[in-house]
Amino acid sequence: MNISKEKIKLIASDLDGTLLNSNKKISEYNQKIIKKLINEYNINFILSSGRPYEGIKNYNKILENNNLSIIFNGASIADNNGKIIFQKTIEENASKQIIELSKKYDVCMHVYNNGKYIISKENFPIKSYVQIEKTVNVVVGLENTDDYNFDKILILGQRDILEKLKKEIDSLNCVHTCFSGDLFLEAINKEVNKGNGLKKICEIKKIDIKDTIAFGDNFNDIEMIEYAGIGVAMGNAEETLKQKSYYITLSNEEDGVGKFLNDLFY
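Just so we're aligned: the sequence shown equals residues 781 to 1046 in my numbering.
In structure tokens form, the structure reads like this:
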């Protein structure tokens, strides 16, 4: 591995499918390696996720990590207390157009609006992590929105249905869309993504983006993998992401993040 560990100042990692195993846990091995890097190498460790702050704060606590976090796929950056220091929401007109398009399909919409996580249908067979983990209070009914300037829109449905809906949404040219899983289509402001979130944090911390490593597994990680100095795809990553990465590590079930970092730093 031809990387100078002395130059690495920041490491960003996706959560689901990357740092987390299938039980949505950070393994003891990954915890040990990351804590050592934070404490011994003074590494900035950044969690980067499509989740809201409430969905990641416990993982930072487990890692004893007091750093910034990229949330909503880069639409917001939060400090360790949950204070939003950067935010770029979807424009109201775009949100309304996407809601109208979705009515033609058998899908369930999830939106995050001023601290409320709102879903369009209560008994949809596909569940998101917020319903499974119950880390966020869920409100049913899009009529409960205060406004339509959403941080993110998550659409749940079968892949073939989501592919058709994605084409229609993309034709509007008003948001950035990507898949974060086979059954999850996400939309955010067209100017933001995890890569731009990483750039923003590097600007705040005055770190050269070349001195960063990023780990990911899915389509919503592509820009972050491309922009980082060293982009690393998980063994379980989408093939497109693997093709854009400098390295491919082991899968999330095999502690791929920790094993890669251990080989590099120790």
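Using N, Cα and C, we set each Cβ at its ideal position, and we do this for glycine too. Model, not experiment: these values are computed from the prediction.
For my contact list, residue 788 and residue 991 are in at a C-beta cut-off of 8 Å; report their separation, rounded to the angstrom.
As a working mapping, residue 788 is identified with position 8 in the sequence shown. As a working mapping, residue 991 is identified with position 211 in the sequence shown. Sure, about 6 Å apart at Cβ, within 8 Å.
So what does DSSP say about residue 1049, is it helix, strand or coil?
There is simply no residue 1049 to check, as the chain begins at 781 and stops at 1046 in what is shown.
Could you tell me the alpha carbon to alpha carbon distance between residue 815 and residue 841, rounded to whole angstroms?
Counting from one through the sequence shown, the residue named residue 815 turns up at place 35. Counting from one through the sequence shown, the residue named residue 841 turns up at place 61. The alpha-carbon atoms of residue 815 and residue 841 are separated by roughly 11 Å.
Pull up the distance between the alpha-carbon of residue 969 and that of residue 1032, whole angstroms please.
Translated into the one-based positions of the sequence shown, residue 969 becomes position 189. Translated into the one-based positions of the sequence shown, residue 1032 becomes position 252. Each residue's alpha carbon lies about 29 Å from the other.
Tell me the DSSP secondary structure of residue 951 in three-state form.
Counted from its first residue, the sequence shown places residue 951 at position 171. Note: residue 951 maps to helix in three-state DSSP.
What does DSSP give as the partner residue(s) for residue 856 in the beta ladder?
For the purposes of this step, residue 856 is identified with residue 76 of the sequence shown, where counting begins at 1. Per DSSP, 851, 867.
Inspect the beta-carbon positions of residue 823 and residue 848 and report whether they are closer than 8 Å.
Locating residue 823 in the sequence shown gives position 43, where the first residue counts as 1. Locating residue 848 in the sequence shown gives position 68, where the first residue counts as 1. For residue 823 and residue 848, no; Cβs fall outside 8 Å.
Select from 800, 790, 785, 791 the residue whose C-alpha is nearest the C-alpha of residue 1034.
The count along the sequence shown starts at 1 and reaches residue 1034 at position 254. Nearest of 800, 790, 785, 791 to residue 1034, Cα basis: 800.
Short check: CB of residue 1016 to CB of residue 854, under 8 Å?
Position 236 of the sequence shown, counted from the start, is the residue given in the question as residue 1016. Position 74 of the sequence shown, counted from the start, is the residue given in the question as residue 854. Cβ distance not < 8 Å, so residue 1016 and residue 854 don't count as in contact.
So, using beta-carbon positions, are residue 1047 and residue 980 closer together than 8 Å?
Here the chain comprises residues numbered 781 to 1046, so residue 1047 is not present and cannot be evaluated.
Going along the chain, which residues of its own chain have a beta-carbon closer than 6 Å to the beta-carbon of residue 972, five neighbours each way excluded?
By one-based count along the sequence shown, residue 972 stands at place 192. Once the five neighbours on either side are set aside, the close Cβ partners of residue 972 are 854, 855, 868.
Considering only C-alpha positions, which residue in the set 885, 791, 899 is nearest to residue 937?
Walking along the sequence shown from the start, residue 937 turns up at place 157. Measuring from the Cα of residue 937, the nearest candidate turns out to be 885.
Compute the beta-carbon to beta-carbon distance between residue 1009 and residue 1024, rounded to the nearest angstrom, for a pair I have assumed lies under 8 Å.
In the sequence shown, residue 1009 corresponds to position 229, counting from 1. In the sequence shown, residue 1024 corresponds to position 244, counting from 1. About 14 Å; that fails the 8 Å criterion.
If I measure Cβ to Cβ from residue 890 and keep anything under 8 Å in the same chain, skipping five residues before and after, which residues do I get?
For this step, residue 890 is matched to residue 110 along the sequence shown. Excluding residues within five positions, the ones whose Cβ falls inside 8 Å are 897, 898, 899, 900, 908, 910, 933, 934, 935, 936.
So, using beta-carbon positions, are residue 1086 and residue 994 closer together than 8 Å?
With the chain covering only 781 through 1046, there is no way to say anything about residue 1086.
What residue from 954, 895, 851 has the CA that sits closest to residue 926's CA?
Locating residue 926 in the sequence shown gives position 146, counting from the first residue. Of the candidates 954, 895, 851, the one whose C-alpha sits nearest the C-alpha of residue 926 is 895.
Which whole-angstrom value is the C-beta distance of residue 837 and residue 862, which I expect to be below 8 Å?
Within the sequence shown, the letter at position 57 stands for residue 837. Within the sequence shown, the letter at position 82 stands for residue 862. About 7 Å separates the two Cβ atoms, so the contact holds.
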